[in-house]
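With the numbering used here, you'll find the sequence shown wraps up at 432, consecutive numbering, no jumps.
Think of the CB as a built atom: it goes at the ideal place given N, C-alpha and C, for glycine as much as any other residue.
In this text the structure is predicted, and so the values were computed from the model without any measurement.
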Amino acid sequence: MTGKRISCWRGLFLLCLVAASFTGPIFSPAKAQSEPVLVPDVSQRTVKLQYGFSGEELLLFGAIAYPDGRSRGDDIDIVVILRGPPQSIVVREKRQIAGIWLNADSTEFRSAPAFYAIAASRPLEDIVDERTALIYEFGLEHLQLSPASAIDLDEQERFTDGLVDLKRRNALYFQRENGVSIEKGLLYTARLQIPPNVSEGQYIAETFLVQDGRVLAAESREIEIEKQGFERLVAVAADKASFVYGLIAVFISIAFGLGAGLLFQRN
166 MTGKRISCWR GLFLLCLVAA SFTGPIFSPA KAQSEPVLVP DVSQRTVKLQ YGFSGEELLL
226 FGAIAYPDGR SRGDDIDIVV ILRGPPQSIV VREKRQIAGI WLNADSTEFR SAPAFYAIAA
286 SRPLEDIVDE RTALIYEFGL EHLQLSPASA IDLDEQERFT DGLVDLKRRN ALYFQRENGV
346 SIEKGLLYTA RLQIPPNVSE GQYIAETFLV QDGRVLAAES REIEIEKQGF ERLVAVAADK
406 ASFVYGLIAV FISIAFGLGA GLLFQRN
């Protein structure tokens, strides 16, 4: 069923591509004479987190519309990035003192993405140079994380590496080189895995068209990841009625404790 659906999408994009080649007014005259245009989409705009959610594979696909209607073949590359909502994260460094591991230095990042995944048609170092990678945040080593306070550059790099490593081990940050397929220079597809421990919120799927180390076009699509069912009820209760939620949580804990105590007394 999935294969048929993807084939339909590809057919639709080919039709759009053919139409674009015959309808010049779709593009502005200045742009129509120079750069190609991206027509991206995603397999689903909403991902529902509910009981038993074990992850989801997201398909990012699209077409490349050329002003003259002719493909540039192997001369182009595609980079796709899926990033989650920014969040404030405190990173603590542990040190062994007198044989005991204790929290030592710490720093706070104000806008670290809750989720970051990148895929490209080739290794990133073969597609763009260091400067371009920094500008567009191509790659985990080029993420621009903003510390909440001024810290030494070496210290910032150490904490940044620690945060990225922690996120990678939890499958929330990952990088897939050679993870984008381009067919005849016209259609592209990429698959990114959303892990079960992902946070809810608004995500951005970005697509970049690169040629000779230069970004020619960029487009984005929004994706909503939201909780459903009992999980959403609990989340809304904790956010909107935190006092009542706390009382209910305490009551449930006491009830379970009393029930366990009675059970052990009978045995």
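*With residue 340 as the anchor, note down where its beta strand (DSSP E) starts and where it stops.*
Along the sequence shown, read from residue 1 onward, the residue named residue 340 stands at position 175. Residues 338 to 341.
*Between residue 223 and residue 357, what straight-line distance do the alpha-carbon atoms span, to the nearest angstrom?*
For the purposes of this step, residue 223 is identified with residue 58 of the sequence shown, where counting begins at 1. For the purposes of this step, residue 357 is identified with residue 192 of the sequence shown, where counting begins at 1. Distance between the alpha carbons of residue 223 and residue 357: 5 angstroms.
*Less than 9 angstroms separating the beta-carbons of residue 354 and residue 226?*
The count along the sequence shown starts at 1 and reaches residue 354 at position 189. The count along the sequence shown starts at 1 and reaches residue 226 at position 61. Closer than 9 angstroms, so yes.
*Measure the CB-CB distance between residue 388 and residue 212 and report whether it falls below 9 angstroms.*
In the sequence shown, the residue the question calls residue 388 occupies position 223. In the sequence shown, the residue the question calls residue 212 occupies position 47. A contact, by the Cβ cut-off of 9 angstroms.
*With distances taken between CB atoms, is the gap from residue 203 to residue 383 smaller than 9 angstroms?*
Walking along the sequence shown from the start, residue 203 turns up at place 38. Walking along the sequence shown from the start, residue 383 turns up at place 218. Note that the C-beta distance between residue 203 and residue 383 is below 9 angstroms.
*Whether residue 308 touches residue 278 by CB criterion (9 angstroms)*: Within the sequence shown, the letter at position 143 stands for residue 308. Within the sequence shown, the letter at position 113 stands for residue 278. Yes, the pair counts as a contact, with Cβ atoms nearer than the cut-off.
*asked:* Suppose you measure from the CA of residue 314 to the CA of residue 378; what does that come to, to the nearest Å?
replied: By 1-based counting over the sequence shown, the position of residue 314 is 149. By 1-based counting over the sequence shown, the position of residue 378 is 213. In a straight line, the C-alpha of residue 314 is about 34 angstroms away from that of residue 378.
*Go to residue 329, then tell me how far its alpha helix (DSSP H) extends in each direction, as first and last residue.*
Locating residue 329 in the sequence shown gives position 164, counting from the first residue. Start and end: 318 to 334.
*Could you tell me which of 365, 206 and 199 sits nearest to residue 352, measuring between CA atoms?*
Numbered from 1 along the sequence shown, position 187 holds the residue referred to as residue 352. Minimum Cα distance to residue 352 is reached at 206.
*Mind checking residue 365: buried by the 16 CB within 10 Å criterion, or exposed?*
In the sequence shown, counting from the first residue as 1, residue 365 sits at position 200. Buried, by the Cβ-count rule.
_Using C-beta distances below 8 angstroms, list every residue in its chain close to residue 285, excluding the 5 sequence neighbours before and after it, in chain order._
Within the sequence shown, numbered from 1, the residue matching residue 285 stands at position 120. Closer than 8 angstroms at the Cβ level, and outside the excluded window around residue 285, lie 242, 243, 244, 245, 292, 303, 341, 342, 343, 344 and 345.
*Sort 375, 372, 361 and 299 by Cα distance to residue 436 and report the nearest one.*
Outside the modelled stretch of the chain, which goes from 166 to 432, sits residue 436, for which no answer is possible.
_Which residue wins for smallest C-alpha separation from residue 231, given the options 392, 200 and 299?_
Residue mapping note: residue 231 aligns to position 66 of the sequence shown, counting from 1. Nearest neighbour of residue 231 by Cα position, chosen from 392, 200 and 299, turns out to be 200.
*Where does residue 382 sit, in a helix, a strand or coil, going by DSSP?*
Here residue 382 is taken as the residue at index 217 of the sequence shown, counted from 1. In this structure, residue 382 counts as strand in the three-state DSSP scheme.
*Return helix, strand or coil for residue 306, following the three-state DSSP convention.*
In the sequence shown, counting from the first residue as 1, residue 306 sits at position 141. DSSP places residue 306 in helix when its eight states are reduced to three.
*Would you kindly work out how many angstroms separate the C-alpha atoms of residue 297 and residue 418, rounded to a whole number?*
Here the question's residue 297 lines up with position 132 in the sequence shown. Here the question's residue 418 lines up with position 253 in the sequence shown. Approximately 54 angstroms between the Cα atoms of the pair.
_At the level of alpha carbons, what is the spacing between residue 110 and residue 269?_
Since the first and last residues shown for the chain are 166 and 432, residue 110 lies out of range.
*Quick one: grab the DSSP three-state call for residue 389.*
Residue numbering aside, residue 389 sits at position 224 when the sequence shown is read from its first letter. Of the three classes helix, strand and coil, the one that applies to residue 389 here is strand, per DSSP.
*Figure out for me which residue from 316, 348 and 283 has the closest Cα to the Cα of residue 301.*
Within the sequence shown, numbered from 1, the residue matching residue 301 stands at position 136. It is 283 whose Cα lies nearest to the Cα of residue 301.
*When DSSP labels each residue in this structure, what does residue 228 get in the three-state scheme?*
As a first step, residue 228 must be located in the sequence shown, where it is residue number 63. Looking at residue 228 - three-state DSSP - the assignment turns out to be strand.
*Between the CA atoms of residue 306 and residue 294 - distance to the nearest angstrom*: The residue labelled residue 294 in the question sits at position 129 within the sequence shown. The residue labelled residue 306 in the question sits at position 141 within the sequence shown. Cα-Cα distance, rounded: 13 angstroms.
*Would you decide whether residue 332 is buried or exposed? Buried here means 16 or more other CB atoms lie within 10 Å of its CB.*
Here residue 332 is taken as the residue at index 167 of the sequence shown, counted from 1. That one is buried.
*Note the first and the last residue of the continuous beta strand (DSSP E) segment covering residue 296.*
The count along the sequence shown starts at 1 and reaches residue 296 at position 131. Taken as a continuous stretch (DSSP letters only), residue 296 belongs to no beta strand (DSSP E), being part of the alpha helix (DSSP H) at 295 to 301.
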